[in-house]
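**Q** Take a look at the following structure, please.
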Amino acid sequence: MNTGLKYVAVDDDSFNNMLCTMIIEDTLGDVDITTFTKPEEGLAFIENTESPTVLFLDINMPTLNGWEFLELYEKFSEKVKKYLSIYILSSSLDQRDKNKAKANKYVKGFISKPLDFDTVTLIANGQFLA
Amino acid sequence: MNQSLKILHIEDIQSDAELVERTLKRSGIAFEKLIVDTKAEYMDALENFNPDVILSDHSLPAFNSLEALKILKQTGRNIPFILITSTVSEEFAVSVMKEGASDYVLKDRLQRLPNAVLNAIGKYQSDQERQVYLDKIFASEALFTKAELLAEFGTWRIELDTNITNWSAGTYPLLGYDNGEVEPSYENFIKNIHPDDIDEVVNNFKDATDNVQSAEADFRVINKDGSTRFLHAQFEFERSEKGQPAYIIGFNQDVTRSKLAQIEIQKNIEELKAASDRQTGILNAMPPNVVLLNEAGKIVAVNESWRKFTLANNLGVPRHGIGYSYIAISEKATGVDASAVKKIEKGIKEVIDGTKNEFSIEYSYYSQGQKVWFQLIVAPLADKTQKGAVVLHIDITDRKQAEELMLQSKANLQTIFENTDIAYVLCDAEHKIVSFNTKANELCQEQFNKKIKAGNHAFNYFPKSKIPNLKDAIGKVMNNERVIYETSYNLKDGSVKWYEVRWAGVANEKDENMGFILAFKDITERKISEMERDLMTADLVQRNNDLEKFAYIISHNLRAPVANIIGASNALNDMDLTPEDKERLSRGINISVMKLDEVVNDLNQILQVKGSVDERKEIVRFSELVDNIKISISNLIDKDNIDIKYNFSEVNELFVLKPYLYSIFYNLISNSVKYRRQHVHSIIEIRSSLLENKIELTFTDNGMGIDLNKNADQIFGLYKRFHSNIEGKGMGLFMVKTQVETLGGKISLNSEENKGTEFKIEFEI
Chain A
1096 MNTGLKYVAV DDDSFNNMLC TMIIEDTLGD VDITTFTKPE EGLAFIENTE
1146 SPTVLFLDIN MPTLNGWEFL ELYEKFSEKV KKYLSIYILS SSLDQRDKNK
1196 AKANKYVKGF ISKPLDFDTV TLIANGQFLA
Chain B
195 MNQSLKILHI EDIQSDAELV ERTLKRSGIA FEKLIVDTKA EYMDALENFN
245 PDVILSDHSL PAFNSLEALK ILKQTGRNIP FILITSTVSE EFAVSVMKEG
295 ASDYVLKDRL QRLPNAVLNA IGKYQSDQER QVYLDKIFAS EALFTKAELL
345 AEFGTWRIEL DTNITNWSAG TYPLLGYDNG EVEPSYENFI KNIHPDDIDE
395 VVNNFKDATD NVQSAEADFR VINKDGSTRF LHAQFEFERS EKGQPAYIIG
445 FNQDVTRSKL AQIEIQKNIE ELKAASDRQT GILNAMPPNV VLLNEAGKIV
495 AVNESWRKFT LANNLGVPRH GIGYSYIAIS EKATGVDASA VKKIEKGIKE
545 VIDGTKNEFS IEYSYYSQGQ KVWFQLIVAP LADKTQKGAV VLHIDITDRK
595 QAEELMLQSK ANLQTIFENT DIAYVLCDAE HKIVSFNTKA NELCQEQFNK
645 KIKAGNHAFN YFPKSKIPNL KDAIGKVMNN ERVIYETSYN LKDGSVKWYE
695 VRWAGVANEK DENMGFILAF KDITERKISE MERDLMTADL VQRNNDLEKF
745 AYIISHNLRA PVANIIGASN ALNDMDLTPE DKERLSRGIN ISVMKLDEVV
795 NDLNQILQVK GSVDERKEIV RFSELVDNIK ISISNLIDKD NIDIKYNFSE
845 VNELFVLKPY LYSIFYNLIS NSVKYRRQHV HSIIEIRSSL LENKIELTFT
895 DNGMGIDLNK NADQIFGLYK RFHSNIEGKG MGLFMVKTQV ETLGGKISLN
945 SEENKGTEFK IEFEI
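Residue numbers (the working numbering), protein chains in the order written: chain A, 1096 to 1225; chain B, 195 to 959.
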């Protein structure tokens, strides 16, 4: 079930990053997963993306939250943006956050934590509907 | 002719003389004759010979006929003078005739002489007789004429059969002619009559003649000099013996003088009457009642207003009181105050006596149920012959009513002014107090413990700090702007009073500024309720914000560990896991559960702070607070050699909830310690300053600082963190802000990255 997609998770909560890695690997087997607890580092990492990549982005982070992250991302080259599929992965149940995610053109979908088997499968197949 | 004629013959030639004698003798005329040839003889003969006729040759050696004729005239004798000549021309003869000669006879025609003599004498004699007769008539006529002229009287007569008209000498001047200037006739009679009168005269005359009855007429005649003469004419019929009307006899009497006198008198009378009418008219037209009094105080005359007044008031005196005592009438007038009547009586007496020049009094009484006011003025009557007075009553009810209304409204205004809960102070252009109401005085005593006093400068009553505001307001008011603002004053008991202050300029009729009015309205109650409302509103807004924050906290901070726990437990159940993974998951669950507990504790703490305003306040010394905190974090301070300095010399204490202030100080100091810069000697400074009615606390460090451009609106947010490399939950500043605000203070900050941060906290006192 390896589609050749790469996976990146940006969340200040390292336990969440661990859970993400486990569930993706459990679902898709051995795939390329990179996680960051400092959003600044995650941002620097994806700037050089050269193949289709899925990004799980948390909202509530100190120093740089998800929205601020997306503002900076906006300045990236179109080539990079073409490779990236960004999903908000948040613990929030707040509808306002969901609406905000939907309104952002770089966000493909809003996922409520925790990430699960079904969601990972749909994303991997490009079938996830926000 | 039985007497012989005496003939004086002037002739120097004897033969001629004899020839004349023979001619006369032949004619049978009896005569005696004297011949002279000199002037002396001639004059002597005129005197002594007394001739009946004079015959004269024209030219004699000594003198001539013209001279003789002249001498004759000079003697006044009327003796026929006949010229006997051969030499004269016809023209000469005519000129001698003109000089008075009766006839002339040429020498070669002497046969005509006797007839000429007889004719001359006959004429002379009839002239003589006529003259005698005329002289008689003239004598009586002259007398009559004189009488007529003196009496300015004239008579005239018309003979009806022949229309022959005679005028007496006196008639001419009366009709505007010189004596004998015109033929007496009817036409001339009426010619000079004044055009306005002529018809009447003609009609009268016609009436009289038609009806044969006597008549009279008065008419004017225009004299030659253009002046007017007034005539009274009357005429009668004189009948013949048979009883038929034969003559009209008329008499004209000049009545100019009496007429003029009469006109003059009439004019004077009319003028007097007009003057009198004017005065009466003026008096009657005057609204005041006017009464003239004589010396005894009795009414002599009244005007129309007084008449109406007596009628309207039923004074019941005949002839409007004329002849009655004025005072008696006054006493009778119902409703007039007896004391007023006494004063009036005295006043009138004094004016009549001359002890007073004028007397005036205002009095009132009820007329037909209505209060009426009169002003009574007594002035002396300016008359040389008798003393008296003029009494004027002027109805001043309207003026009095207006005055009373004004007094009443003034009194009302005063009442309002004194009973209003607004304090009013009126100041002049020099800012000096002119007047004020009771409320203003109360306020002044309550506020400044001073009595307000007219004449004092208004600025003396205000604290110095308010004076710039006052000056500003006065400047605006002097420019006709209205100034309204709200201000507060602290009372000695610690309470605060709020006032609405209004300034208004006071201008005179010329629109010049004369000063200003200051009005203070106590709005403390309104203000307190307003502040309470604002507070409640702010509280509601705060609660709403808090609710949103809670929702956020629940979504993120509470939900995050829960989501982790769910994810981990799912993994534990569903996946084939290595023992290490299982171990990692269970450790993760453990941490998540701990985080969950922490968040719940934080929420609890926050809720506690918000709810605990009722705790006891105490005096807290800043220096003690800082010293205690230094001890509690001494390990940190010592390890990094952190310098914590303070200066509380201006103010060192605050009446406050101690745990809150401790928490505020602790959080700010520990933040500064936590976010210090590495390799920089950290200095934390805390100082207090006492500003006008507030205390300001300043916390300054030289630490990492925060990028305010990015984070200004989030600094004090819950779970906001700005440094990812340093441990923290984002609780500290949130708690600081919440606690400062709970204590009624404000917090603000200034910060620059890599330079430091300064927090300022203000508490009102």
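Quick reminder that beta carbons are idealized off the backbone N, C-alpha and C, glycines included.
(1) Please compile the residues from chain A whose C-beta is within a distance smaller than 7 angstroms of the C-beta of B:H750.
(2) Give the C-beta separation of B:L779 and B:L766 to the nearest angstrom, bearing in mind that I take them to be a contact with Cβ-Cβ under 8 angstroms.
(3) Might you give, ordered along the chain, the residues of its own chain that have their beta carbon closer than 6 angstroms to the beta carbon of B:K824, omitting 5 neighbours on each side?
(4) Counting only beta-carbon atoms, is B:I760 nearer than 8 angstroms to chain A?
(5) Answer with yes or no whether the minimum CB distance from B:M769 to chain A is below 8 angstroms.
(6) Considering only DSSP beta bridges, list what B:G444 is partnered with.
(7) Using a Cβ-Cβ cutoff of 9 angstroms, what residues of the stretch 657-671 of chain B are near chain A? List them in chain order.
(8) By DSSP, does B:M725 sit in helix, in strand, or in coil?
(9) For chain C, check one thing: does any of its Cβ atoms lie closer than 8 angstroms to the Cβ of B:D901?
(10) When the Cβ atoms of the stretch 711-726 of chain B are set against those of the stretch 1124-1139 of chain A, are three or more pairs found closer than 8 angstroms?
(11) Assuming B:S866 and B:F893 form a contact by the criterion Cβ under 8 angstroms, report the distance between their Cβ atoms to the nearest whole angstrom.
(12) With DSSP collapsed to three states, give me the class of B:G961.
(13) Quick one: Cα of B:T731 to Cα of B:V794, how far?
(14) Just the C-alpha distance for B:G517 and B:L486, rounded to the nearest angstrom, thanks.
(15) Just verifying my parser: in three-state terms, what is the DSSP assignment at B:E792?
(16) What does A:K1213 reach in chain B if we use C-beta pairs closer than 8 angstroms?
(17) What are the partner residues of B:Q564, as DSSP defines its beta bridges?
(18) Assuming B:I201 and B:K227 form a contact by the criterion Cβ under 8 angstroms, report the distance between their Cβ atoms to the nearest whole angstrom.
(19) The alpha helix (DSSP H) with A:S1172 in it runs from where to where?
(20) Using alpha carbons as the reference points, say which of B:V494, B:K317, B:T591 lies closest to B:K581.
(21) Determine the chain B residues that contact A:K1123 at a beta-carbon separation under 7 angstroms, and present them in chain order.
(22) If you check the beta carbons only, do B:P245 and B:L354 fall under 8 angstroms apart?
(23) In the DSSP assignment, what are the bridge partners of B:C638?
(24) Along the stretch 860-893 of chain B, what residues have a CB closer than 9 angstroms to any CB found in chain A?
(25) Could you tell me whether the stretch 1201-1214 of chain A touches the stretch 1183-1192 of chain A, where touching means 3 or more Cβ pairs closer than 8 angstroms?
(26) Just to confirm the assignment, what range does the beta strand (DSSP E) spanning B:F399 have?
(27) Using DSSP with H/G/I as helix, E/B as strand and the rest coil, what is B:F630?
(28) I want to know whether the stretch 610-627 of chain B touches the stretch 694-711 of chain B - three or more CB-CB distances under 8 angstroms.
(29) Go ahead and pull the three-state DSSP assignment for A:F1223.
(30) Please look up how many angstroms separate the CB atoms of B:V584 and B:A573, rounded, as I've assumed it's under 8 angstroms.
(31) Please confirm if B:D775 has its CB atom under 8 angstroms from at least one CB of chain A.
(32) Alpha carbons only, please: which of B:N663, B:Q602, B:E556 is nearest the one belonging to B:T591?
(33) For the beta strand (DSSP E) that contains B:Y683, what are its first and last residues?
(34) Mind checking which residues open and close the beta strand (DSSP E) that includes A:F1131?
(35) Are the C-beta atoms of A:K1208 and some chain B residue less than 8 angstroms apart?
(36) Closest to B:V406 by CA distance: which of B:N739, B:G437, B:D419, B:K931 is it?
**A** The answer reads as follows:
(1) What you label residue 750 of chain B is simply residue 556 of the second sequence in a count that begins at 1. Here the neighbours are N1155, S1186, S1187.
(2) Reading the second sequence from its first residue, position 585 is the one you call residue 779 of chain B. Reading the second sequence from its first residue, position 572 is the one you call residue 766 of chain B. Confirmed, about 6 angstroms.
(3) Here residue 824 of chain B is taken as the residue at index 630 of the second sequence, counted from 1. Only I838 meet the Cβ criterion.
(4) Looking up residue 760 of chain B in the second sequence gives position 566. Chain A, which has a Cβ nearer than 8 angstroms to the Cβ of B:I760, makes this yes.
(5) Your numbering for residue 769 of chain B matches position 575 in the second sequence. Yes - at least one Cβ of chain A is within 8 angstroms of the one on B:M769.
(6) The residue you call residue 444 of chain B lines up with position 250 of the second sequence. DSSP lists B:W350, B:F429 as partners of B:G444.
(7) The residues in question: there are none.
(8) As a working note, residue 725 of chain B is residue 531 in the second sequence. Secondary structure of B:M725 (DSSP, three-state): helix.
(9) Absence of chain C from the displayed structure is noted, the protein chains being A and B.
(10) At 8 angstroms Cβ cutoff, the stretches do not touch.
(11) Here the question's residue 866 of chain B lines up with position 672 in the second sequence. Here the question's residue 893 of chain B lines up with position 699 in the second sequence. A Cβ-Cβ separation of about 7 angstroms places B:S866 in contact with B:F893 under the 8 angstroms criterion.
(12) An answer regarding residue 961 of chain B cannot be provided, because it is not within the stretch 195 to 959 covered by chain B.
(13) Indexing the second sequence from 1 puts residue 731 of chain B at position 537. Indexing the second sequence from 1 puts residue 794 of chain B at position 600. Taking the straight line joining both Cα atoms gives about 28 angstroms.
(14) Translated into the one-based positions of the second sequence, residue 517 of chain B becomes position 323. Translated into the one-based positions of the second sequence, residue 486 of chain B becomes position 292. Roughly 10 angstroms separates the two Cα atoms.
(15) By one-based count along the second sequence, residue 792 of chain B stands at place 598. In this structure, B:E792 counts as helix in the three-state DSSP scheme.
(16) Locating residue 1213 of chain A in the first sequence gives position 118, counting from the first residue. The sequence given here has Asp at residue 1213 of chain A, not Lys. None at all; the shortest Cβ gap to chain B is about 11 angstroms.
(17) Taking the first residue of the second sequence as position 1, residue 564 of chain B is located at position 370. Looking at the DSSP assignment, B:Q564 forms a beta bridge with B:S561.
(18) Indexing the second sequence from 1 puts residue 201 of chain B at position 7. Indexing the second sequence from 1 puts residue 227 of chain B at position 33. The beta carbons of B:I201 and B:K227 sit about 5 angstroms from each other, so the pair counts as a contact at 8 angstroms.
(19) Here residue 1172 of chain A refers to the residue found at position 77 when the first sequence is read from its first residue. A:S1172 -> no alpha helix (DSSP H), and no H or E assigned at all.
(20) Residue 581 of chain B sits at position 387 when you count from the first residue of the second sequence. It is B:V494 whose Cα lies nearest to the Cα of B:K581.
(21) For the purposes of this step, residue 1123 of chain A is identified with residue 28 of the first sequence, where counting begins at 1. In the sequence under discussion, the amino acid at residue 1123 of chain A is Leu, which differs from the Lys named in the question. Chain B residues near A:L1123: none, gap ~13 angstroms exceeds 7 angstroms.
(22) On the second sequence, residue 245 of chain B is found 51 positions in, with the first residue counted as 1. On the second sequence, residue 354 of chain B is found 160 positions in, with the first residue counted as 1. No; because the gap between Cβ atoms is not below 8 angstroms, this pair is not in contact.
(23) Position 444 of the second sequence, counted from the first residue, corresponds to residue 638 of chain B. Paired residues: none, contrary to the question.
(24) Those residues of the stretch 860-893 of chain B that come within reach of chain A (Cβ to Cβ, closer than 9 angstroms) do not exist; the list is empty.
(25) Between the stretch 1201-1214 of chain A and the stretch 1183-1192 of chain A there are three or more C-beta pairs closer than 8 angstroms, enough to call the two in contact.
(26) By 1-based counting over the second sequence, the position of residue 399 of chain B is 205. Unbroken run through B:F399 is the alpha helix (DSSP H), 389-405; no beta strand (DSSP E).
(27) As a position in the second sequence, residue 630 of chain B is number 436, starting the count at 1. B:F630 falls in the strand class under three-state DSSP.
(28) Contact between the stretch 610-627 of chain B and the stretch 694-711 of chain B is present: 3 or more CB-CB pairs across the two stretches fall below 8 angstroms.
(29) The residue you call residue 1223 of chain A lines up with position 128 of the first sequence. Reduced to three states, the DSSP call for A:F1223 is coil.
(30) The residue labelled residue 584 of chain B in the question sits at position 390 within the second sequence. The residue labelled residue 573 of chain B in the question sits at position 379 within the second sequence. 5 angstroms between Cβ atoms; contact.
(31) Position 581 of the second sequence, counted from the start, is the residue given in the question as residue 775 of chain B. B:D775 has a beta carbon lying within less than 8 angstroms of a beta carbon in chain A.
(32) Stepping through the second sequence from its first residue, residue 591 of chain B is reached at position 397. When only C-alpha atoms are compared, the closest one is B:E556.
(33) Numbered from 1 along the second sequence, position 489 holds the residue referred to as residue 683 of chain B. That run of the beta strand (DSSP E) goes 677-684.
(34) Residue mapping note: residue 1131 of chain A aligns to position 36 of the first sequence, counting from 1. Under the DSSP assignment, A:F1131 falls in the beta strand (DSSP E) whose first and last residues are 1127-1131.
(35) In the first sequence, counting from the first residue as 1, residue 1208 of chain A sits at position 113. Yes, its Cβ sits closer than 8 angstroms to a Cβ of chain B.
(36) On the second sequence, position 212 is the one that residue 406 of chain B refers to. With distances taken between Cα atoms, B:V406 lies closest to B:G437.
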